[in-house]
Each structure stands twice: as structure tokens, then as C-alpha cells.
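In full-length UniProt numbering, the protein residues as written are 1 to 186.
Below, the structure is given as C-alpha cells:
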């Protein structure tokens, strides 16, 4: 009789997260994930049809976790400047922890360019909505919305760049991003 493993789906998720973040999408296979979980490869396939599906679940869950943290801050902090600072901190910390796991998949040929663009656009739109909400400009001029859109891209690109170039300077990186945002909102 096969042994029953409690919370196997969570065990698989955590192992996949670890391997994808450490080794990158292309360097991980289902056999390595199964080995990390101490299960048979066939058991892993009972949960996920392929590596791509598992990776997309890990990527989606990691972003959903980030969005939940941001929503909590947005609900608790009505001060738009503080909320925006919190959004930047959460994005910075979570993107750094991901170690480019999303970009690994997007660079590989596991998904089409259209699907890649849809994933990217979905994430950016969600973050944009938080930025818009935080700076309270939903009902203001279109050029302000355009500025918020650019600001969202500035935040995301610079988080990735700063975390990669200055990995030991998290506080300084976050403070720098907050200053850029505040300077652009004046």
C-alpha cells in the first residue's frame, strides 16, 4: 500500500519554488522536483501534468501572495504616501525573493510570446491599479494616469535592477525608489 504524505501539494509547491528560484526554469525537471519531495515521479504527475503547469502555478501563487500583502496595506493605510512606500517595499522584497523566477520562464520557449505578454500585462495592470489607488488619482486627468502608468514601469524595472546590482543594500534601494516616486509626484 502506498504511503500517504500529508500536505503533498504544499510539499510539491515548496520544492518547485526552491528549485525554480535556485536553478532556473530550464535547469529543473519533474524528476528533480519529485526527488526533492521524496516521491515518485509518477506521483508528481498525478498532481501536475508537466513542469510548465507547475511553474505557472508557482508563479501565480507567488504574485497572488504579493498582491494580498499590498491589499492588506491598502486597506489599513489611508495615507497615500505611506501606502505607496509600503507598495514599493513589498514589491522590492517579494521580487528579490523570487530571484527572477518569472523572467526565467519568459525567456524560455515553454510559453508563447502571446501568453508571456498576457502574464506580464496582468501583473503590470494589477500593480498599476495599486499605484493609481495609492496616489488617489482615479478621477483626475488622463495625463496623471499616464504618469502613474510610467511610474509603475519605473518602479518594477528599477526594483529588478537595484536588487540585482546592489543585493546587500535593500534599505538604500527601497529609500531610493521611494524618493524617485515622491519626486515624480510633485
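Virtual Cβ for every residue (Gly too), placed ideally from N, Cα, C.
Cα-Cα separation, residue i to residue j
| i | j | result |
| --- | --- | --- |
| residue 127 | residue 76 | 17 Å |
| residue 66 | residue 53 | 20 Å |
| residue 35 | residue 43 | 11 Å |
| residue 29 | residue 23 | 10 Å |
| residue 170 | residue 48 | 36 Å |
| residue 184 | residue 162 | 19 Å |
| residue 158 | residue 26 | 25 Å |
| residue 149 | residue 182 | 15 Å |
| residue 12 | residue 45 | 11 Å |
| residue 139 | residue 72 | Because the pLDDT of residue 139 is 42, which lies under 50, any placement of that residue in the model is unreliable, and the question is left without a value. |
| residue 50 | residue 56 | 10 Å |
| residue 119 | residue 174 | 25 Å |
| residue 63 | residue 89 | 14 Å |
| residue 7 | residue 41 | 17 Å |
| residue 59 | residue 97 | 12 Å |
| residue 113 | residue 123 | 15 Å |
Cβ-heavy atom distance, residue i to the ligand GDP, below 6 Å
| i | result |
| --- | --- |
| residue 181 | Absence of the ligand GDP is noted for the structure shown, with no ligands found whatsoever. |
Beta-carbon spacing of residue i, residue j below 7 Å
| i | j | result |
| --- | --- | --- |
| residue 21 | residue 147 | no |
| residue 151 | residue 131 | yes |
| residue 81 | residue 74 | no |
| residue 61 | residue 37 | no |
| residue 154 | residue 85 | no |
Expected contact under 8 Å - CB spacing of residue i and residue j to nearest Å
| i | j | result |
| --- | --- | --- |
| residue 70 | residue 87 | 6 Å |
| residue 19 | residue 39 | Between residue 39 and residue 19 the Cβ distance is about 14 Å, and since that is not below 8 Å, they are no contact. |
Where residue i sits in the DSSP three-state scheme
| i | result |
| --- | --- |
| residue 40 | coil |
| residue 99 | coil |
| residue 51 | helix |
| residue 160 | helix |
| residue 6 | coil |
| residue 123 | helix |
| residue 94 | helix |
| residue 168 | coil |
| residue 73 | helix |
| residue 26 | helix |
| residue 178 | helix |
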